[in-house]
Amino acid sequence: TETVLLDRHFQEGLISEVTSDNYLGGCQATEYLIQMNHRNIGFVAGPRDWASAEDRFRGYRDTLGKHGITYRADLVYRGDLRFESGIGALEYYLSLTDWPSAIFCANDQMAFGVLTKANSMNISIPGDISLIGFDDIPLYSLYTTRLTAVQQNIDALCSSSFGIMMEKLRQDQDQNQLSMKRVVIPTKLKIGETCGKYGGVNHY
């Protein structure tokens with residue numbers, strides 16, 4: 003049975019995989035927020051054992067360092083990728099004395115948890131807090147506020163996975179040694195309505 007992992011990582015060289023450049027995406031989101039004058043940027047992380055989310059976290063952390071911004075462990079909230087984690091994250095950030103002016107979430111579900119909780123508390127996004135997600139899930143485009151998010155190229159991910167699978171099947175028929183591949187697809191930042199320029203104060 004031929005296997006290709008999609009957006010998952012296994013031991014190097016054992017199974018072919020196709021993944022988004024999650025590290026690049028983490029860099030792109032953080033870089034954008036820094037260009038919008040944000041310095042206290044919260045990151046809502048995923049589980050430690052999920053490689054994609056950890057790559058996004060590394061992109062966030064390294065981009066802060068690139069700009070000479072001190073990494074603050076208290077601005078990292080460890081979530082589980084679910085909507086409820088976003089709710090918990092915002093509650094946590096608002097309990098801090100020095101809370102973030104922007105929040106970058108490791109996936110869209112947690113970002114919409116943040117957005118929903120903020121709306122219920124009359125906190126303006128992006129007026130009070132800027133917000134970025136990761137995935138750009140089409141379903142969420144129906145939401146009243148268009149989320150700024152790192153966009154994965156789903157067409158390229160699927161076509162690359164299919165291409166590798168077909169190549170593996172041909173190699174198997176030719177009885178040649180199967181070559182394992184790792185394809186990394188670039189991400190891009192899709193600008194929505196949830197980020198604003200930081201002016202030095204938050205408004206609540």
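To convert, take the position in the sequence shown, counting from 1, and add 2; that gives my numbering.
Virtual Cβ for every residue (Gly too), placed ideally from N, Cα, C.
Asked                                                                                                : Found
Residue ranges of each beta strand (DSSP E) within the stretch 39-120, 3 or longer                   : 43-47, 78-80 and 104-107
Collapsed DSSP secondary structure at Leu35 in the structure displayed                               : helix
Cβ shell of Ile36 (< 6 angstroms), same chain only, five flanking positions each side left out       : His69
Under the three-state DSSP convention, the category Phe122 falls into                                : The displayed chain sequence assigns Ser, not Phe, to residue 122. The answer is helix: DSSP assigns Ser122 an H, G or I state.
8 angstroms Cβ cutoff met for Leu191 and Thr147                                                      : no
Short Cβ contact (8 angstroms threshold) for Thr189 with Asp23                                       : yes
Delimiting residues of the beta strand (DSSP E) encompassing Ile131                                  : Run containing Ile131: none; DSSP gives neither H nor E here.
Given Cys107 as reference, the closest of Leu96, Trp101, Asn121 and Leu92 once Cα atoms are compared : Leu92
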